[in-house]
Each structure stands twice: as structure tokens, then as C-alpha cells.
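So in my numbering, spot 199 of the sequence shown is number 215, and the numbers just go up one at a time.
The structure under discussion appears below in the form of C-alpha cells.
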Amino acid sequence: MPAVEPIRFGVLGCASIARRRTVPAILREPRTELVAVAARDPARARTFAAEFGCDAATDYLALLARPDIDAVYIPLPTGLHHEWVGRALEAGKHVLVEKPLTTRYAHTVAVLESAAARGLTLMENLTFLRHGLHRTVRELVDGGEIGELRSISGAFSFPPLDPADIRYRPELGGGALLDIGVYPLSAAHLFLGPDLEVVGATLKHDPARGVDISGSALLCTPDGRTAQLTFGFEHAYRCDYVLWGSRGRLVVDRAYTPPPTRHPTIRLDSEHRSRTLTVPPEDQFANTLHAFADAITTRGDSSSDAPHIRSRAHLLAQIRQAAHTTH
Numbered sequence: 017m018p019a020v021e022p023i024r025f026g027v028l029g030c031a032s033i034a035r036r037r038t039v040p041a042i043l044r045e046p047r048t049e050l051v052a053v054a055a056r057d058p059a060r061a062r063t064f065a066a067e068f069g070c071d072a073a074t075d076y077l078a079l080l081a082r083p084d085i086d087a088v089y090i091p092l093p094t095g096l097h098h099e100w101v102g103r104a105l106e107a108g109k110h111v112l113v114e115k116p117l118t119t120r121y122a123h124t125v126a127v128l129e130s131a132a133a134r135g136l137t138l139m140e141n142l143t144f145l146r147h148g149l150h151r152t153v154r155e156l157v158d159g160g161e162i163g164e165l166r167s168i169s170g171a172f173s174f175p176p177l178d179p180a181d182i183r184y185r186p187e188l189g190g191g192a193l194l195d196i197g198v199y200p201l202s203a204a205h206l207f208l209g210p211d212l213e214v215v216g217a218t219l220k221h222d223p224a225r226g227v228d229i230s231g232s233a234l235l236c237t238p239d240g241r242t243a244q245l246t247f248g249f250e251h252a253y254r255c256d257y258v259l260w261g262s263r264g265r266l267v268v269d270r271a272y273t274p275p276p277t278r279h280p281t282i283r284l285d286s287e288h289r290s291r292t293l294t295v296p297p298e299d300q301f302a303n304t305l306h307a308f309a310d311a312i313t314t315r316g317d318s319s320s321d322a323p324h325i326r327s328r329a330h331l332l333a334q335i336r337q338a339a340h341t342t343h
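So this is what it looks like as C-alpha cells:
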């Protein structure tokens, strides 16, 4: 068989998540190759490029103009996603972008439609959904381990960030809902399906910073199953979801950010018994790069992901619209 040409990557931005997790995954994926990186600060791009053995482009537009780049990874602040995802698609590049895809539902729909029209792969780097842990949870629920699923509660929170953190900057799409609220929301969407509607929500707004720093939401399906979500930048660390059924409940701790060496656990509680299952460790960033490469090499346009991305974006917009805001 003829050799398969590698998918040649460019990176727009030198964010911490790129350095720590996604770029190493690009380097490990057999079908991808890192070609170049660009940053607002050329010196930072040169340092990043030297660390990972690639070129440093002069700026974002120069990187997108390169004919030796097939796909771009965009770890820029959320508020810049719409512009640069759009520019990358217009340049004919496949796009892997940090979550959420954009800050607005209309913008999300627009870039999804643009990617589909061009036959390009556009994927959110919402990596926890690619971890086999959640597939095992689904199998347990479908197998009746907790009876009929009645509700899910999910939380993701951590203590206050450095005051200079970009997640406190409204012009860059900051705020707790978009940064970490999307995780328990996505878990609820995964297990309760696309028919969720927002019943009520709260957002605590920091007037000095101009962003929401915590919040909660109650969602419901047409048949009465519910999801309760909590998220924020002002709590002790928590990262979990709980599925509650007619005969028991299932608890997953460290649900959204397990290190690649961690053996995740699933606790099953019923009236007379409690047991813990351990699943194999996985690198969810590597799994996402593998799925992204699959979509490109099979000439797919990641259309199977598009309805889920669109539905989650709609729910985020509903939470914002429904939220009772406190200060």
C-alpha cells in the first residue's frame, strides 16, 4: 500500500494547554506532523518552535497562508475563536479548536456551516468526551446497573485564578460558564441527550472584572429527567458527575481532567451494596487527535460531531439568557 501523507499542523498561539497536552499529542499521533507555530509575540513563537522542533511563522496570517499546512490547532482565548476559525476555514485548513467553539450560538452555527460547505473537518478539543471512561459508564447505564436513569448532577470548580488570567477578561471571552461550565453541561448532554432545555440558571458576576465567576443551572428533558450543574472559579476543587437512577447511583470523580496515567474509578452505589470499578488509563488528548486524523483521512467533515456542538452551544446560550445574575 502507498504511504499515507502526514497531516501537517500549524498552531495559532502558545497557550499552556497547547504546550502541556495538545502539541505533545500531535507529535505522538502517527498521522500528524507539526510544521509551524505563530504567536502575537514573535519571540514567544520562536521559543515554542525551538522546544518542539518546528518553524516559527511571523504571524497568524502568514501561518495560514503556508501551503505546507493542512490543519491548524487553535488554543487562542475563546473570544478570538470565531475570527480565527473562520479565517482558517477560508484558507482551506482543517481546524481543531479549544472549547467552546465560539462565544455565541450564531457564530458557532456559522463556522459549522462554513466547514461543511468546504468539506473541512472542524472539531472542538473537548477531550474528556473521547476518554473510554465515559463509554464504560454508558455501558453500565444501558446495562441497567442503576435502573432507569432519572437525573445527573455535575460540578467543575476550582479556587480563584491569578488576577491576570485571561479567563477574567470579558473581551477575550472569559468567564466560568464558557471555561468550565461547558464540562458538566457536556456530561449532561452526553447521558440525557439533545432534548435538554434550561429550566433555570444563576450566574454570579464580578463587576470589577466584567465576567461571571460561578454559576449553576437546572435542565430538564421532555420526559422529566433532570440535570443540575455547578461551576465556578471560587470553590474548592471539584470535578465530577453523578448519575442517579431508579435502583442506584453511579459516581465518577476527576471526570473531566484525568491525567493520562490515572486509572479512573467508577463507584456504583445501591441500597445494599457499594462497589468500585477501575478502568484503564488513557490520554484523552491523544484520543482526540486520533479522532481528528480519522475524520480527515477518511475525507469526513466531522459532521457527526456538528449536531452535538450546535446543541451544546444552544444550551450555553439558554443558560445565559435564563440566568438570574448576582454580584
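We put the CB at the ideal spot given by N, CA and C, even for glycine.
Asked, Found
"Report all residues from its chain with a CB closer than 8 Å to the CB of Ala41; omit the five preceding and five following residues, and keep chain order.", "Asp299, Phe301, Ala302, Thr304 and Leu305"
"Quick check on this structure: which residue in Leu259, Asp310 and Val53 has the alpha carbon closest to the alpha carbon of Val157?", "Leu259"
"What residue ranges within the region 251-302 form continuous beta strand (DSSP E) runs of no fewer than 3 residues, ordered along the chain?", "254-261, 264-269, 281-286 and 290-294"
"Ends of the beta strand (DSSP E) at Arg24?", "Ile23 to Leu28"
"Please report the residue range of the beta strand (DSSP E) in which Phe231 lies.", "Note that residue 231 is Gly in the sequence shown, not Phe. Unbroken beta strand (DSSP E) run through Gly231: Val227 to Cys236."
"Give me the DSSP bridge partner(s) of Glu161.", "According to DSSP, which records beta bridges pairwise, Glu161 is partnered with nothing at all."
"Given that a residue counts as buried once 16 or more other Cβ atoms are within 10 Å of its Cβ, and exposed if not, what is Ala34?", "buried"
"Nearest by alpha-carbon distance to Val51: which of Arg37, Ala59 and Ala66 is it?", "Ala66"
"By the 10 Å Cβ neighbour count, where 16 or more other Cβ atoms means buried, how is Arg263 classified, buried or exposed?", "exposed"
"What first and last residue would you give for the beta strand (DSSP E) that runs through Ile90?", "Ala87 to Ile90"
"Using the DSSP secondary-structure output, state which residues sit across from Glu129 in a beta bridge.", "None, per the DSSP bridge assignment."
"List the residues that DSSP assigns as beta-bridge partners of His340.", "Thr218"
"Keeping to the same chain, check which residues put their C-beta closer than 8 Å to that of His343; ignore five residues upstream and five downstream.", "Lys220, His221, Asp222 and Pro223"
"Smallest Cα separation from Val153: which of Thr314, Leu331, Gly29 and Val267?", "Val267"
"Is it right to say Ala59 is buried, meaning 16 or more other beta carbons lie within 10 angstroms of its own, or is it exposed?", "exposed"
"Decide if Arg36 is buried, meaning its Cβ has at least 16 other Cβ atoms within 10 Å, or exposed.", "exposed"
"With three or more beta-carbon pairs closer than 8 Å as the criterion, would you say the region 199-210 touches the region 237-251?", "yes"
"Just checking, does the region 118-130 make contact with the region 98-110 on the three C-beta pairs under 8 Å criterion?", "yes"
"Who pairs with Gly248 in a beta bridge, going by DSSP?", "Ser173 and Ser230"
"DSSP three-state call for Arg185: helix, strand or coil?", "coil"
"Compute the Euclidean distance between the alpha carbons of Ala19 and Glu45, then round it to the nearest angstrom.", "Bear in mind that the predicted position of Ala19 carries a pLDDT of just 49, short of 50, making it too unreliable to give a figure here."
"So, at 7 Å on beta carbons, what are the nonlocal neighbours of Gly231 in its own chain, with the 5 sequence-adjacent residues on each side left out?", "Ala192, Leu193, Gly197, Ala217, Thr218, Leu219, Lys220, Phe247, Gly248 and Ala339"
"Restricting to Cα atoms, I'd like to know which of Ile182, Thr137 and Pro238 is closest to Ile23.", "Thr137"
"The beta strand (DSSP E) with Ala362 in it runs from where to where?", "For the chain, the structure presents residues 17 to 343; residue 362 sits outside this window and is missing."
"Comparing alpha-carbon positions, which option in Arg185, Arg82, Glu114 and Ile85 lies nearest Ile325?", "Glu114"
"Taking all protein chains shown into account, do 16 or more other C-beta atoms lie within 10 angstroms of the C-beta of Tyr253, making it buried, or fewer, making it exposed?", "exposed"
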